[in-house]
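Visitor: Below you'll find the structure I mean.
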Amino acid sequence: MSAMPRPGEVRFEALAAPWLDNVMQVEQQTYAQPWLRANFNDALQYGYQAQLLLAGDTLLGYFVAMQGVDEVHLLNITVAPRYQRQGWARLMLDALALWSRGRGAQWLWLEVRVGNLRAIDIYERAGFRRVGERRAYYPNGDAPREDALVMSLRL
């Protein structure tokens, strides 16, 4: 496991096109079914909230969220594999919740693979509640599609 970045060197920065190669590398290292570059390009084109979590020039993680009328929908949150289990996902969730409240949102929504127990635990510890399921929501390679757990956080 990599050393924890020192206080003061961690910051958020808006995702911009020059970072997409780094983001795609992390995405492909992390997921069997990663987002495509086109997904990130679309998010940037439509003005979604897309933030990088950086320590110096090192990409720790990122998230992409879409604002609705009184809610924000978390579309992607990823911590680079070498920095997982160090609290960065929770930091990004807290930052997203703060941004969402500042935009007048009352709810934060997300979907997560039913089999991603570690992520579900992180979301529940952050205050998210299970509110439903979406059948066959996620692609799963050659296997049957995987269900998604729908979770929400009242802001």
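Just so you know, we're using the numbering used here here: the sequence shown kicks off at 2 and counts up by one.
Backbone N, C-alpha and C define an ideal beta-carbon position, used for all residues, glycine too.
Since the model is a prediction, treat every value here as computed from it, not as a measurement.
Measure the alpha-carbon distance for residue 53 versus residue 97 and round it to whole angstroms.
Guide: Roughly 12 Å between the two C-alpha positions.
Visitor: Pick helix, strand or coil for residue 142, following the three-state DSSP scheme.
Guide: In this structure, residue 142 counts as coil in the three-state DSSP scheme.
Visitor: May I ask you to report which of helix, strand or coil DSSP gives residue 49?
Guide: Note: residue 49 maps to coil in three-state DSSP.
Visitor: By alpha-carbon positions, which one of 56, 41, 45 and 16 ends up nearest to residue 10?
Guide: Selected option, being the one with the closest Cα: 56.
Visitor: Along the chain, which unbroken stretches of the beta strand (DSSP E) at least 3 residues long are found entirely within the segment 90-146?
Guide: Here the runs fully enclosed are 108-114 and 130-139.
Visitor: Check whether the Cβ atoms of residue 120 and residue 90 lie closer than 9 Å to each other.
Guide: Yes.
Visitor: Between 122, 129 and 116, which lies nearest to residue 136 when the distance is taken from Cα to Cα?
Guide: It is 116.
Visitor: Out of curiosity, what's the CA-to-CA distance linking residue 65 and residue 43?
Guide: In a straight line, the C-alpha of residue 65 is about 11 Å away from that of residue 43.
Visitor: Going by the C-beta, is residue 30 closer than 8 Å to any heavy atom of the ligand GDP?
Guide: Here there are no bound small molecules, and the ligand GDP is not part of this structure.
Visitor: For residue 37, is the classification buried or exposed, using 16 other Cβ atoms within 10 angstroms of its Cβ as the cut-off for buried?
Guide: Its Cβ having fewer than 16 others within 10 Å, residue 37 is exposed.
Visitor: Does DSSP classify residue 81 as helix, strand or coil?
Guide: The answer is coil: DSSP assigns residue 81 none of H, G, I, E or B.
Visitor: Using the Cα positions of residue 74 and residue 139, report the straight-line distance between them to the nearest angstrom.
Guide: Residue 74 and residue 139: Cα-Cα distance of roughly 16 Å.
Visitor: Mind checking residue 154: buried by the 16 CB within 10 Å criterion, or exposed?
Guide: Residue 154 is buried by the Cβ-count criterion.
Visitor: Tell me whether the beta-carbon of residue 104 lies closer than 9 Å to the beta-carbon of residue 148.
Guide: No, these two residues do not count as a Cβ contact at 9 Å.
Visitor: What span of residues does the beta strand (DSSP E) with residue 68 cover, start to end?
Guide: Unbroken beta strand (DSSP E) run through residue 68: 59-68.
Visitor: Considering only the alpha carbon of each residue, which of 111, 101 and 41 lies closest to residue 24?
Guide: Closest option to residue 24, Cα to Cα, is 41.
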